[in-house]
Amino acid sequence: MEDLTINERLFALPTTAISDATGGHTNLNARIKPLAEHFKIAGRALTVRLPDGENRAVLEAISKAKKEDILVIDAKGNTNRAVAGDFVISLARGLGIQGFVVDGVIRDLAAIKALDFPIFSLGTTVAAGFKNGGGEVGVPISVGGVTVHTGDFIVGDIDGVVVIPQGEEERIAESAEAKIVKDEAREKEALSNGEESIRAYLKKVLNTFK
14 MEDLTINERL
24 FALPTTAISD
34 ATGGHTNLNA
44 RIKPLAEHFK
54 IAGRALTVRL
64 PDGENRAVLE
74 AISKAKKEDI
84 LVIDAKGNTN
94 RAVAGDFVIS
104 LARGLGIQGF
114 VVDGVIRDLA
124 AIKALDFPIF
134 SLGTTVAAGF
144 KNGGGEVGVP
154 ISVGGVTVHT
164 GDFIVGDIDG
174 VVVIPQGEEE
184 RIAESAEAKI
194 VKDEAREKEA
204 LSNGEESIRA
214 YLKKVLNTFK
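Once you know that position 64 of the sequence shown is 77 in our numbering, the rest is easy, because the numbers rise by one and skip nothing.
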């Protein structure tokens with residue numbers, strides 16, 4: 014693992030292992046899901062706070078984002094107005110942004126899937142957001158019940174999205190990697206000899222609760 018970057022290490026880990034490593038305290042609400050099952054993200058957050066039904070600040074965030082950043086958008090859970098459609102997503106993709114995490118919805122789902130751009134959101138809608146102004150970029154936000162700061166690490170896959178507070182990435186990665194090794198050893202022990210090893214494993218585990 015020493016030759017991999019922290020981004021690569023966390024990208025290789027399932028969110029379930031990362032959630033276990035964080036104690037499960039920074040998992041976004043389970044309603045925020047990938048819009049395609051294969052979508053996976055792991056990178057730094059750039060936060061966006063939107064007024065209800067607005068999306069103009071998303072364009073500002075795209076202009077400020079670094080390559081591989083993930084836009085994390087507090088849209089107040091609004092499911093009536095989209096924070097972005099395929100054109101805006103094309104702009105983000107063209108500048109190397111890695112993906113969006115949205116406490117809200119997007120639109121133009123078929124076109125976005127064709128772009129293969131990872132989006133985690135509450136779903137989709139047909140209505141565009143307003144562009145009257147307002148909104149802030151780079152400020153603390155609340156998304157899916159979790160506080161997110163710019164610079165926090167975001168990992169998302171088919172199971173959901175987990176936030177790793179900035180500065181804790183290395184510790185969480187090590188803990189999650191150790192959890193994977195432990196789980197693999199447990200599975201080998203339990204499944205190595207069919208029914209016999211399964212019953213032996215269950216007996217061992219259940220005895221620990223006596």
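Even glycine gets a Cβ: it sits at the ideal position worked out from N, Cα and C.
Residue interval of the alpha helix (DSSP H) (run including residue i)
| i | result |
| --- | --- |
| G207 | G207 to N220 |
| I193 | E182 to L204 |
| T29 | T28 to T35 |
| D99 | D99 to G107 |
| V143 | In the sequence as displayed, the identity of residue 143 is Phe instead of Val. From DSSP, F143 is part of no alpha helix (DSSP H); its letter is neither H nor E. |
| I110 | Note, I110: premise wrong, no alpha helix (DSSP H); not H, not E. |
| N71 | Note on identity: in this sequence residue 71 is Val, with Asn being the wrong assignment. It spans R69 to K77 - the alpha helix (DSSP H) in which V71 sits, taken as one unbroken run. |
| I125 | L122 to L128 |
| I19 | I19 to A25 |
Residue interval of the beta strand (DSSP E) (run including residue i)
| i | result |
| --- | --- |
| T60 | I54 to R62 |
| L84 | I83 to D87 |
| I167 | F166 to D170 |
| I177 | G173 to I177 |
Separation of residue j from residue i, as counted between CA atoms
| i | j | result |
| --- | --- | --- |
| R106 | F24 | 18 angstroms |
| V228 | A74 | Nothing in the structure corresponds to residue 228, since the chain is present only between 14 and 223. |
| D121 | G207 | 48 angstroms |
| V96 | L104 | 14 angstroms |
| S210 | R199 | 11 angstroms |
| K223 | L215 | 13 angstroms |
| N91 | V139 | 13 angstroms |
| D33 | T18 | 21 angstroms |
| K77 | E50 | 28 angstroms |
| F218 | E202 | Reading off the sequence, residue 218 comes out as Val, not Phe. Roughly 12 angstroms between the two C-alpha positions. |
| T28 | D196 | 14 angstroms |
| V61 | G117 | 12 angstroms |
| L204 | T221 | 19 angstroms |
| T137 | A213 | 48 angstroms |
Contact under 7 angstroms by Cβ, residue i with residue j
| i | j | result |
| --- | --- | --- |
| V161 | A58 | yes |
| I125 | D99 | yes |
| T39 | V175 | yes |
| L135 | I102 | no |
| L63 | G148 | yes |
For residue i, the nearest candidate out of the options (CA to CA)
| i | options | result |
| --- | --- | --- |
| K80 | N20, R62 and T92 | N20 |
| Q179 | T35, T28, D16 and T29 | T35 |
| A30 | N93, L219, D172 and F130 | D172 |
| A88 | I119, S76, K217 and K77 | I119 |
| E182 | T60, A213 and G164 | G164 |
| A123 | P131, R62 and F143 | P131 |
| V71 | L48, F143 and G37 | F143 |
| L48 | F133, N93 and I86 | F133 |
| G37 | R184, A213, L204 and I177 | I177 |
| I86 | A141, V115 and I185 | V115 |
| A141 | R184, N93 and I185 | N93 |
Any non-hydrogen atom of the ligand ZN closer than 6 angstroms to residue i Cβ
| i | result |
| --- | --- |
| F24 | Absent from the structure shown: the ligand ZN. Ligands present: none. |
> Would you call the segment 100-113 and the segment 46-59 touching, i.e. three or more CB-CB distances under 8 angstroms?
Replying inline: yes
>> Does the segment 189-207 come into contact with the segment 60-69, if we say contact requires no fewer than three beta-carbon pairs (one atom in each stretch) closer than 8 angstroms?
In response: no
>> For the segment 155-164 against the segment 27-46, do three or more pairs of beta-carbon atoms, one drawn from each stretch, fall closer than 8 angstroms, so that the two count as touching?
In response: yes
>> If contact is defined by three or more beta carbon pairs under 8 angstroms, each pair taking one atom from either stretch, is the segment 168-177 in contact with the segment 16-32?
In response: yes
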